[in-house]
Amino acid sequence: MSETLPLNAAELRAWRAVIDGSWHLQTRLDDELRADTGLSMADYHVLVLLSEAPQRRLRMGEIASRLVFSPSRLTYQISAMEKRGLVRRQPCPDDRRGSEAVLTEDGLGALRTAAAGHLTAVRRYLVDDLDETEAAVLTRVFTRLQARLRDNG
1 MSETLPLNAA ELRAWRAVID GSWHLQTRLD DELRADTGLS MADYHVLVLL
51 SEAPQRRLRM GEIASRLVFS PSRLTYQISA MEKRGLVRRQ PCPDDRRGSE
101 AVLTEDGLGA LRTAAAGHLT AVRRYLVDDL DETEAAVLTR VFTRLQARLR
151 DNG
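Each step along the sequence shown adds one to the number in full-length UniProt numbering, with nothing skipped, and position 6 is 6.
Below, the structure is given as structure tokens:
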């Protein structure tokens, strides 16, 4: 096993900026979304994934993978959303052992209601402070990071 090298000052500043900035951004977006709509960021992300999926449905495993949720955490999340009428769970038509979440009309309505305010907040807290080059760098860095983390489990 190779020795772990310490972070230099620039690397440490970058690391802390990512951790602190992403934590504050996620917290602020979640707080505002909950206050404005009653949806959490997790609710919103599930609704977005389902709204973009064919027939507005996805296998539970696919949702868990995309959200980086454990199966039990996703089951809890979907159950809570199901109680509120935002989604429904049903057996997969091609594999009765699996289940899928389906976006309901109420869920689609909740997403549409939340979207404008949420995107305004995303713009206010992140996008408006980026020029095109910075946006491209963020996209490149986080796309590469996401791929590496998914590939390495």
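Glycine included, C-beta positions come from ideal geometry on N, C-alpha and C.
| Check | Outcome |
| --- | --- |
| Minimum length 3: unbroken beta strand (DSSP E) runs contained in the UniProt domain "HTH marR-type" (1 to 147) | 57 to 59, 87 to 92, 95 to 103 |
| Of the residues Thr-37, Thr-27, Leu-25, the one placed nearest residue 198, counting alpha carbons only | What is shown of the chain runs 1 to 153, which leaves residue 198 out entirely. |
| Inter-residue Cα distance where the pair is residue 155 and Ala-115 | Nothing can be reported for residue 155: it is not among the residues displayed for the chain, which extend from 1 to 153. |
| 8 Å contact criterion, which Met-60 and Ala-101 should meet: CB distance rounded | 6 Å |
| Val-122 versus Arg-96, Asp-31, Thr-133, residue with shortest Cα-Cα distance | Asp-31 |
| Segment contact, 8 Å Cβ cut-off, at least three pairs: the segment 102 to 114 with the segment 44 to 60 | yes |
| Burial state of Ile-78, where buried means 16 or more other Cβ atoms lie within 10 Å | buried |
| Spatial distance of Leu-130 from Phe-142 (CA atoms) | 15 Å |
| Same chain, Cβ closer than 8 Å to Tyr-125, neighbours up to 5 away in sequence not counted | Leu-25, Arg-28, Leu-29 |
| Supposed close pair Leu-49, Ala-64 - CB separation, criterion 8 Å | Leu-49 to Ala-64, Cβ: 11 Å. No contact. |
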